[in-house]
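A.B. asks:
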Amino acid sequence: MKSNPESLGVFEYNAGQEMLLRVKHDAELVQSILELVTRKGIEAATFTAIGALKRARLGYYDQKNHKYKEIAIESPHELVSCTGNISLSDGKPFVHAHVVLADERGNTRAGHLLEGTVFAAEVHLRRLEGPRLERKLDAVTGLWLWDT
Amino acid sequence: MKSNPESLGVFEYNAGQEMLLRVKHDAELVQSILELVTRKGIEAATFTAIGALKRARLGYYDQKNHKYKEIAIESPHELVSCTGNISLSDGKPFVHAHVVLADERGNTRAGHLLEGTVFAAEVHLRRLEGPRLERKLDAVTGLWLWDT
Amino acid sequence: MKSNPESLGVFEYNAGQEMLLRVKHDAELVQSILELVTRKGIEAATFTAIGALKRARLGYYDQKNHKYKEIAIESPHELVSCTGNISLSDGKPFVHAHVVLADERGNTRAGHLLEGTVFAAEVHLRRLEGPRLERKLDAVTGLWLWDT
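Residue numbers (the numbering used here), protein chains in the order written: chain A, 1077 to 1224; chain B, 1077 to 1224; chain C, 1077 to 1224.
Given below as structure tokens:
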């Protein structure tokens, strides 16, 4: 399900600070964004995306038990919202994204994006130049949060 | 349902690279964004919006039959998310936007935005300067996607 | 429920034009964003956020009666989308934000964000430099809209 870097459709704007990415059909969305930032040497960024997914796995974080529950979306949905950021985890770029999906009646399912198989997707990514931002395990929430 | 260009409430920021737009009451949202970019000579951009719509028509793309199904939203809803971009189709600026709407109980409907009648809406648009980005018909999906 | 300014986890990028904010556990989201912009002297901005909330109060604006209805969300939800802007109201920074929340099955509730108690949240804020943007009461909608 890996997309092929050579065929990533990347368009650079505003002196390389921003990119539009046409994600390949059948590629996995999180992996495609990770490949883009790895290839471009980007360690901090924010992004949005719209399009359509063939299927997806979403996550809901159980705030009491500190575990993700998985939500399987096995049918085609519009990708109506995707908001995310890039920071570092174990020194490597890490993708954190949340999505809203919609079915043929406009009904929605949403959550943390674990995996999404792309039918078509348009990503806007904005590079952030500045301090290294590392995720560290946070004892209170059990999540890997930005190290303050 | 066309908004009047003279009364578009546009505020420019960061040396004209970004704009905030107060969309006119009763204007159509897609058309209002199209008028803004046409007037400013913008060929590539990304945008978000929040506000409230009186009614809307959403689309769901049938990934098998390659046709849009229309979803009619006939009652007032909050515009809780709108993510979109501007690129070229047939050489002219084209608006691609997805939205999430919410009713009085907080329940949602979402999809590709075909048309929305504005009660009140605040758009943030960011100009992208760089390569021309043209949509071309993609045989695999039946969609007009960025030409890579 | 106020967050403590000293412990706000703010990271500045692109020469201070953009910020990433790790909102404190148990802080209130709207107030945390307001504290950030007040401390940084920001009068116009746009922002997004993702994360998780312990509880929230959402609003739906009744377009006929010109009143907000409140929607109480008493259980933990993913914060799957948050889109907002900063402008001035009575000369002071004002936060306008809309959110989509998701429960453990991926079902959503959404609306105008009145208040949200943060489990964990990551905010991306982008400063807009340019004209002062003041909200004024709009007679047609009953809302405080950007004064054109």
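Glycine included, C-beta positions come from ideal geometry on N, C-alpha and C. No experiment lies behind these values; they were computed from the predicted model shown.
Measure the C-alpha to C-alpha separation of B:Ala1120 and C:Asn1141 and round it to an integer number of angstroms.
C.D. replies: On the second sequence, residue 1120 of chain B is found 44 positions in, with the first residue counted as 1. On the third sequence, residue 1141 of chain C is found 65 positions in, with the first residue counted as 1. One C-alpha to the other measures close to 39 Å.
A.B. asks: For A:Tyr1136, go through chain C and note every residue whose CB falls closer than 8 Å to its CB, in chain order.
C.D. replies: By one-based count along the first sequence, residue 1136 of chain A stands at place 60. By Cβ distance, chain C contributes Glu1154, Ala1178, Asp1179, Glu1180, Arg1181 and Gly1182.
A.B. asks: Check the DSSP bridge columns for C:Ala1091 and list the partner residues they point to.
C.D. replies: Here residue 1091 of chain C is taken as the residue at index 15 of the third sequence, counted from 1. In the DSSP output, where bridge partners are listed per residue, C:Ala1091 has none listed.
A.B. asks: Would you please verify whether the beta carbon of A:Arg1147 is less than 8 Å from any beta carbon of chain C?
C.D. replies: The residue given as residue 1147 of chain A occupies position 71 in the first sequence. The sequence given here has Ile at residue 1147 of chain A, not Arg. For A:Ile1147, the answer is yes, since a Cβ of chain C falls inside 8 Å of its Cβ.
A.B. asks: Using the Cα positions of C:His1188 and B:Asp1214, report the straight-line distance between them to the nearest angstrom.
C.D. replies: The count along the third sequence starts at 1 and reaches residue 1188 of chain C at position 112. The count along the second sequence starts at 1 and reaches residue 1214 of chain B at position 138. Near 38 Å, if we compare the C-alpha coordinates of B:Asp1214 and C:His1188.
A.B. asks: List, in order along the chain, the chain C residues whose C-beta lies closer than 7 Å to that of B:Phe1195?
C.D. replies: As a working note, residue 1195 of chain B is residue 119 in the second sequence. Gln1139 and Thr1217, listed in chain order.
A.B. asks: Quick one: what's got a C-beta closer than 8 Å to C:Gly1167's C-beta in the same chain, skipping five residues either side?
C.D. replies: Counted from its first residue, the third sequence places residue 1167 of chain C at position 91. Same-chain partners within the cutoff: Glu1210.
A.B. asks: Under three-state DSSP, which class holds C:Asp1100?
C.D. replies: For the purposes of this step, residue 1100 of chain C is identified with residue 24 of the third sequence, where counting begins at 1. The sequence as given places Lys at residue 1100 of chain C; Asp does not occur at that position. Reduced to three states, the DSSP call for C:Lys1100 is coil.
A.B. asks: Determine the DSSP secondary structure at A:Val1176, reduced to helix, strand or coil.
C.D. replies: Reading the first sequence from its first residue, position 100 is the one you call residue 1176 of chain A. It is a strand residue.
A.B. asks: By the 10 Å Cβ neighbour count, where 16 or more other Cβ atoms means buried, how is B:Leu1221 classified, buried or exposed?
C.D. replies: Translated into the one-based positions of the second sequence, residue 1221 of chain B becomes position 145. So B:Leu1221 ends up on the buried side.
A.B. asks: Quick check: the Cα distance between A:Ala1178 and A:Thr1122, rounded to an integer number of angstroms?
C.D. replies: Looking up residue 1178 of chain A in the first sequence gives position 102. Looking up residue 1122 of chain A in the first sequence gives position 46. Taking the straight line from one Cα to the other gives about 23 Å.
A.B. asks: Anything in the region 1106-1126 of chain C with a Cβ closer than 9 Å to a Cβ of chain A? List those residues in chain order, please.
C.D. replies: Listed by position along the chain: Thr1124, Ala1125 and Ile1126.
A.B. asks: Sort out for me which residues DSSP pairs C:Gly1085 with in a bridge.
C.D. replies: Locating residue 1085 of chain C in the third sequence gives position 9, counting from the first residue. Its beta-bridge partners are C:Arg1098.
A.B. asks: Mind checking if B:Ser1165 is an interface residue toward chain A, Cβ cutoff 8 Å exclusive?
C.D. replies: Mapped onto the second sequence, residue 1165 of chain B falls at position 89. No - not a single Cβ of chain A is within 8 Å of the one on B:Ser1165.
A.B. asks: Does the CB of B:Ser1151 have a neighbour CB from chain A at under 8 Å?
C.D. replies: Your numbering for residue 1151 of chain B matches position 75 in the second sequence. It does not: the Cβ of B:Ser1151 has no partner Cβ on chain A nearer than 8 Å.
A.B. asks: Does C:Val1175 get closer than 8 Å to chain B when you measure Cβ to Cβ?
C.D. replies: Here residue 1175 of chain C is taken as the residue at index 99 of the third sequence, counted from 1. True, the Cβ-Cβ gap to chain B drops below 8 Å.
A.B. asks: Using a C-beta cutoff of 8 Å, does A:Lys1130 count as contacting chain B?
C.D. replies: Looking up residue 1130 of chain A in the first sequence gives position 54. Cβ-Cβ to chain B under 8 Å: yes for A:Lys1130.
A.B. asks: Of all the beta strand (DSSP E) runs that stay within the bounds of the region 1130-1201 of chain A, which reach a length of 3 or more residues?
C.D. replies: Listed in chain order, the complete beta strand (DSSP E) runs (minimum 3 residues) inside the region 1130-1201 of chain A are 1143-1149, 1153-1165 and 1168-1178.
A.B. asks: Going by other Cβ atoms of all chains shown within 10 Å of its Cβ, with 16 needed for buried, is A:Val1216 buried or exposed?
C.D. replies: The residue given as residue 1216 of chain A occupies position 140 in the first sequence. Counting Cβ neighbours within 10 Å, A:Val1216 comes out exposed, since fewer than 16 surround it.
A.B. asks: What residue range is occupied by the uninterrupted alpha helix (DSSP H) comprising B:Glu1111?
C.D. replies: Reading the second sequence from its first residue, position 35 is the one you call residue 1111 of chain B. Looking at the DSSP string, the run of the alpha helix (DSSP H) that includes B:Glu1111 is Leu1105 to Lys1116.
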